[in-house]
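Per the working numbering, the very first residue in the sequence shown carries number 7; after that it's consecutive. Shown next, in structure tokens, is the structure this report addresses.
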Amino acid sequence: MIKTIGEWFWWDRLWLPVNLTWADLEDKDGRVYAKVSDLYITLPYSIGFLIVRYVFERFVATALAECLGVRGKSRQKAVESNPILEQYYISQSKTPAKADIQGLSKKCSWSSRQVERWFRRRRNQERPGVLKKFREASWRFVFYLAAFIGGIVALYDKPWFYDLREVWMAYPKQSMLESQYWYYILEMSFYWSLLFSITFDVKRKDFKEQIIHHLATLTLLAFSWCGNYIRVGTLVMLVHDASDVLLESAKLFNYSKWERACNSSFVLFAVVFMVTRLVIFPFCGFSCPSGGETTGWRLSSEAAAVKSEPPAAAHEERRQPFLHGSQTCQIKADS
Numbered sequence: 007m008i009k010t011i012g013e014w015f016w017w018d019r020l021w022l023p024v025n026l027t028w029a030d031l032e033d034k035d036g037r038v039y040a041k042v043s044d045l046y047i048t049l050p051y052s053i054g055f056l057i058v059r060y061v062f063e064r065f066v067a068t069a070l071a072e073c074l075g076v077r078g079k080s081r082q083k084a085v086e087s088n089p090i091l092e093q094y095y096i097s098q099s100k101t102p103a104k105a106d107i108q109g110l111s112k113k114c115s116w117s118s119r120q121v122e123r124w125f126r127r128r129r130n131q132e133r134p135g136v137l138k139k140f141r142e143a144s145w146r147f148v149f150y151l152a153a154f155i156g157g158i159v160a161l162y163d164k165p166w167f168y169d170l171r172e173v174w175m176a177y178p179k180q181s182m183l184e185s186q187y188w189y190y191i192l193e194m195s196f197y198w199s200l201l202f203s204i205t206f207d208v209k210r211k212d213f214k215e216q217i218i219h220h221l222a223t224l225t226l227l228a229f230s231w232c233g234n235y236i237r238v239g240t241l242v243m244l245v246h247d248a249s250d251v252l253l254e255s256a257k258l259f260n261y262s263k264w265e266r267a268c269n270s271s272f273v274l275f276a277v278v279f280m281v282t283r284l285v286i287f288p289f290c291g292f293s294c295p296s297g298g299e300t301t302g303w304r305l306s307s308e309a310a311a312v313k314s315e316p317p318a319a320a321h322e323e324r325r326q327p328f329l330h331g332s333q334t335c336q337i338k339a340d341s
């Protein structure tokens, strides 16, 4: 059963254009293609990211925070020991309702005011300090900045960086470059490390949304890797990292109480976010060459309607160039 599910999941028709199979994307003639097995290395690399992050936050970020005047968590007044309230705090709720407060006050022989004060101080004890937030934001800022610069270095001399029609030229027979390999591996390793560390990071109100975001990011990166959407994938990562750098810098200025720099960074972040994700990404990131500009292999909207055999009989179908149709992306064949 597992084998059958695997065959259906990796069915050529779900991933590749018509008349192409996974055998066509095997390394040969000097061409190297992305492989699913390459992604396994992102897990040990994510552990390496966690180690580097610990060293960075422990020494570099802490020293930077001291230079900017960011202090650790202020000393909170110790909460009076009360087993009844502590048990309720751990097992029931950190913010009890008014009726519960009255019931607890009777059990403890305290006034309602004292119970409310105890819960407020108990919550403050678990509230993370500014220093912890600063160190986490500085780590993300350094990575996003390095990833953005690395992406520019990896893409600036590529033709598809300036002419987006080149993204789909000869797809999917596009040999993977070493710079593309490391760009993907490091980005995925970083997001794995964020997912692993989310339990002991500062717990924010969007905790569940963060988990969904990290999982969605990893899923999309893995999908684009398996489908050999490497060129467009690197462009998408570059577009997304551009605004993340400014967001984390705004947080750092906020924690350092540099109000003017914080406001300026946030305004710049908002502008870059709207331009990159609402203009460049949806309208330019997936543009295809127009009809007549390329020849050879073609992907058409008509091909999607062609009736194909299931995996068990796929190897029996007759191979032929897909030159029919004229409505969508035209892909130039390898010479």
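For each residue, glycine too, the CB sits at the ideal point set by N, CA and C. It should be emphasised that the depicted structure is a prediction, and the values quoted were computed from it without experimental measurement.
**Prompt:** At which residues does the alpha helix (DSSP H) containing S185 begin and terminate?
**Reply:** Residue 185 sits at position 179 when you count from the first residue of the sequence shown. E184 to S203 is the span of the alpha helix (DSSP H), which, as asked, contains S185.
**Three-state class that DSSP yields for T225 in the structure shown** = For the purposes of this step, residue 225 is taken as residue 219 along the sequence shown, with counting starting at 1. Three-state DSSP puts T225 in a helix.
**Message:** Between V273, R37 and I57, which has its C-alpha nearest S203's C-alpha?
**Reply:** Position 197 of the sequence shown, counted from the start, is the residue given in the question as residue 203. The shortest Cα separation from S203 among V273, R37 and I57 belongs to I57.
**Beta-carbon gap between S185 and Y51 smaller than 8 angstroms** = Sequence index remark: in the sequence shown, residue 185 carries index 179 (1-based). Sequence index remark: in the sequence shown, residue 51 carries index 45 (1-based). Against a cut-off of 8 angstroms, the Cβ pair of Y51 and S185 comes out as no contact.
**Message:** Taking a contact to mean a Cβ-Cβ separation below 8 angstroms, would you say Y197 touches G239 in this structure?
**Reply:** The residue given as residue 197 occupies position 191 in the sequence shown. The residue given as residue 239 occupies position 233 in the sequence shown. Not in contact: Y197 and G239 (Cβ atoms no closer than 8 angstroms).
**Asked** Around the C-beta of D247, are 16 or more other C-beta atoms found within 10 angstroms, so that it is buried, or is it exposed?
**Response** The residue given as residue 247 occupies position 241 in the sequence shown. Buried, because 16 or more other Cβ atoms sit within 10 Å of the Cβ of D247.
**Message:** Quick check on the DSSP output: what are the complete alpha helix (DSSP H) runs of length 4 or more inside the segment 76-151, in order along the chain?
**Reply:** 89-97, 104-114 and 118-132
**Prompt:** Would you call the CB atoms of W231 and A29 closer than 8 angstroms?
**Reply:** Counted from its first residue, the sequence shown places residue 231 at position 225. Counted from its first residue, the sequence shown places residue 29 at position 23. Against a cut-off of 8 angstroms, the Cβ pair of A29 and W231 comes out as no contact.
**Prompt:** For R37, which of helix, strand or coil comes out of DSSP?
**Reply:** Taking the first residue of the sequence shown as 1, we reach residue 37 at position 31. Looking at R37 - three-state DSSP - the assignment turns out to be strand.
**Item:** Rounded straight-line distance, which links the Cα of T282 to that of T68
**Value:** For the purposes of this step, residue 68 is identified with residue 62 of the sequence shown, where counting begins at 1. For the purposes of this step, residue 282 is identified with residue 276 of the sequence shown, where counting begins at 1. In a straight line, the C-alpha of T68 is about 32 angstroms away from that of T282.
**Item:** DSSP-derived helix/strand/coil call for P50
**Value:** Translated into the one-based positions of the sequence shown, residue 50 becomes position 44. Three-state DSSP puts P50 in a helix.
**Item:** Selection from A153, G36, Y261 and G75 that minimises the alpha carbon distance to M400
**Value:** In this structure the chain extends from 7 to 341, so residue 400 is not present and cannot be described.
**Request:** Determine the DSSP secondary structure at K211, reduced to helix, strand or coil.
**Result:** Counting from one through the sequence shown, the residue named residue 211 turns up at place 205. Here K211 sits in coil by DSSP.
**Extent of the continuous alpha helix (DSSP H) to which K257 belongs** = By one-based count along the sequence shown, residue 257 stands at place 251. I236 to Y261 is the extent of the alpha helix (DSSP H) around K257.
**Request:** Could you have a look at R304 and say whether DSSP puts it in helix, strand or coil?
**Result:** Numbered from its first residue, the sequence shown carries residue 304 at position 298. Unreliable placement is indicated for R304, whose pLDDT of 41 sits below 50; no coordinate value is reported for it.
**Asked** Okay, do the segment 84-103 and the segment 121-131 touch, 3+ Cβ pairs below 8 angstroms being the bar?
**Response** yes
**Request:** Would you check if there are 3 or more beta carbon pairs closer than 8 angstroms linking the segment 59-78 to the segment 255-264?
**Result:** yes
**Item:** Separation of A267 from L45, as counted between CA atoms
**Value:** As a first step, residue 45 must be located in the sequence shown, where it is residue number 39. As a first step, residue 267 must be located in the sequence shown, where it is residue number 261. So the two alpha carbons sit approximately 39 angstroms from each other.
**Request:** Could you check what DSSP says for M280 in three-state terms: helix, strand or coil?
**Result:** For the purposes of this step, residue 280 is taken as residue 274 along the sequence shown, with counting starting at 1. M280: helix per DSSP, three-state reduction.
**Message:** Rounded to whole angstroms, what is the Cα-Cα separation between W17 and L227?
**Reply:** The residue given as residue 17 occupies position 11 in the sequence shown. The residue given as residue 227 occupies position 221 in the sequence shown. Distance between the alpha carbons of W17 and L227 is about 19 angstroms.
**Prompt:** Leaving out the 5 sequence neighbours to the left and right, which residues in its chain are closer than 7 angstroms to V278 when beta-carbon positions are compared?
**Reply:** Position 272 of the sequence shown, counting from 1, holds the residue named residue 278. A248, S249 and L252.
**Message:** Distance check for H220 and L200, CA to CA, integer angstroms please.
**Reply:** Taking the first residue of the sequence shown as position 1, residue 200 is located at position 194. Taking the first residue of the sequence shown as position 1, residue 220 is located at position 214. Cα-Cα distance, rounded: 8 angstroms.
**Asked** Do you know offhand how far K139's Cα is from V208's?
**Response** If you number the sequence shown from 1, residue 139 lands on position 133. If you number the sequence shown from 1, residue 208 lands on position 202. Taking the straight line from one Cα to the other gives about 7 angstroms.
**Request:** Return the first residue and the last residue of the alpha helix (DSSP H) that T4 is part of.
**Result:** Lying outside 7 to 341, the shown extent of the chain, residue 4 is not represented and no answer is given.
**8 angstroms contact criterion, which P242 and F287 should meet: CB distance rounded** = Residue 242 sits at position 236 when you count from the first residue of the sequence shown. Residue 287 sits at position 281 when you count from the first residue of the sequence shown. For the sequence presented, residue 242 should be read as Val rather than Pro. Confirmed, about 7 angstroms.
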